[in-house]
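**Student:** All residue numbers in the sequence shown are consecutive under this note's numbering, ending with 258. One structure coming up, written as structure tokens, with questions to follow.
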Amino acid sequence: MTGTTPDDRTALVTGGTSGIGLAIAQRLRTDGLQVAVLDLDRPGARQVAGDHGFAFIAADLSRRADCVDAVPQAVTALGGLDVLINNAGFQHIAPITEFPEDTWDAMLHVMLTAPFLLTKHAWPHLRRSGHGRIVNVASIHAQVASPFKAAYISAKHGVIGLTRTAALEAGEQGFTVNAICPAYVRTPLVEHQIADQARTRGISPAEVEQRVMLESAAIKTLLNPEDVAALASYVVSRAAWGMTGAVLDIDLGWTAR
2 MTGTTPDDRT ALVTGGTSGI GLAIAQRLRT DGLQVAVLDL DRPGARQVAG DHGFAFIAAD
62 LSRRADCVDA VPQAVTALGG LDVLINNAGF QHIAPITEFP EDTWDAMLHV MLTAPFLLTK
122 HAWPHLRRSG HGRIVNVASI HAQVASPFKA AYISAKHGVI GLTRTAALEA GEQGFTVNAI
182 CPAYVRTPLV EHQIADQART RGISPAEVEQ RVMLESAAIK TLLNPEDVAA LASYVVSRAA
242 WGMTGAVLDI DLGWTAR
């Protein structure tokens, strides 16, 4: 759902060459926005960007310098910046007592420090936009916890605090900041997790979906990336001008209990 006028704004989507990020980038492009996608500098990522007509920003978001440089690169490629989608992330599953400390540092940097830095450096461009939007793709794990995901859950909880604080500061400056919290989405990452758990538990992938991933959900079906992209499309639209500081669950009823 978008506004009634053509949308000629520009958007930067992190983690935009696969999964949820790619679906959001495709949807925003369909909505009329010019899109740059940010990802690690891999041939496959560049190929995806090229195939879809996206500008490509090569960056490692675990590195502060790459985060700082990403916004001016996007502005140069697009001619401005109106929308920032902080989506990039990764998971590592392990008990706290066995969690690698360097992995903890990397995950918090990619999923919490990087959104802060990108927000900070995008701020003047979004202020000038008149229709600026930030969407932080969090997770249902920004609202609830599960074992063995300490860094992921800590980072995602932090993203909600960042979203709400930034929304309060951005309100008088004419742009909005919101978060989307999906339950499990059928992405390459989740498919890999399903396969791993099926091997570990000695059950079928379908049983992993139903008995593990969807146990707490009211709707027993994994989301698709396009479902998240549809919500992001509305949140960045001009029609959503009055929505800011919102934490929008698309969680299959997970938190209704």
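Positions of the beta carbon are idealized from the N, C-alpha and C atoms, including for glycine. Computed from a predicted structure; not experimentally measured.
(1) Going by DSSP in three states, T188 sits in which element: helix, strand or coil?
(2) Express the C-alpha separation of P101 and M2 in angstroms, rounding to a whole number.
(3) Is A12 near L34, with beta carbons less than 8 Å apart?
(4) When the distance is taken between beta carbons, is L39 closer than 8 Å to I58?
(5) Assuming T1 and G54 form a contact by the criterion Cβ under 8 Å, report the distance between their Cβ atoms to the nearest whole angstrom.
(6) Does the beta-carbon distance from P183 to S234 come in below 8 Å?
(7) Using the rule of at least 16 other Cβ atoms within 10 Å of the residue's Cβ for burial, across every protein chain shown, is T5 buried or exposed?
(8) Looking at P226: is its Cβ nearer than 8 Å to the Cβ of G20?
(9) For my contact list, L82 and H126 are in at a C-beta cut-off of 8 Å; report their separation, rounded to the angstrom.
(10) Report all residues from its chain with a CB closer than 7 Å to the CB of A207; omit the five preceding and five following residues, and keep chain order.
(11) Starting from T11, trace the beta strand (DSSP E) in both directions and tell me its first and last residue.
(12) What would DSSP say about Q35, mapped onto helix, strand or coil?
(13) Where do the N-terminal and C-terminal ends of the alpha helix (DSSP H) with I154 fall, by residue?
(14) Unbroken alpha helix (DSSP H) runs of length 4 or more, entirely within the segment 84 to 125: which are they?
(15) Do you know offhand how far A241's Cα is from F117's?
(16) When DSSP labels each residue in this structure, what does D70 get in the three-state scheme?
(17) How big is the Cα-Cα spacing for V160 and E210?
(18) Whose C-beta lies closer than 6 Å to the C-beta of A171 among residues of the same chain, with five residues either side of it excluded?
(19) Where does I181 fall in DSSP's three states?
(20) Can you have a look at S205 and say buried or exposed, based on whether 16 or more other CB atoms are within 10 angstroms of its CB?
(21) Please report the residue range of the alpha helix (DSSP H) in which A50 lies.
(22) Which residue or residues does DSSP assign as beta-bridge partners of D40?
(23) Which residue marks the beginning of the beta strand (DSSP E) containing L249, and which one marks its end?
(24) Specify, as a first and last residue, the run of the beta strand (DSSP E) that V236 falls within.
(25) For R134, I'd like the list of residues in its chain whose CB is within less than 6 Å of its CB, leaving aside the five on either flank, ordered along the chain.
**Tutor:** In this structure, then:
(1) coil
(2) Bear in mind that a pLDDT of 40 at M2, under 50, signals an unreliable position, so the number given afterwards is only what the model happens to contain. Taking the straight line from one Cα to the other gives about 42 Å.
(3) yes
(4) yes
(5) Absent from the structure is residue 1, since the part of the chain shown begins at 2 and ends at 258.
(6) no
(7) Note on T5: pLDDT 42, under 50, position unreliable in the model; the coordinate value appears next. Its Cβ having fewer than 16 others within 10 Å, T5 is exposed.
(8) yes
(9) 4 Å
(10) none
(11) 11 to 15
(12) strand
(13) 151 to 171
(14) 102 to 109
(15) 22 Å
(16) helix
(17) 26 Å
(18) V178
(19) strand
(20) exposed
(21) 44 to 53
(22) A59
(23) 248 to 251
(24) Per DSSP, V236 belongs to no beta strand (DSSP E); it is in the alpha helix (DSSP H), 226 to 237.
(25) V84, T177, V237
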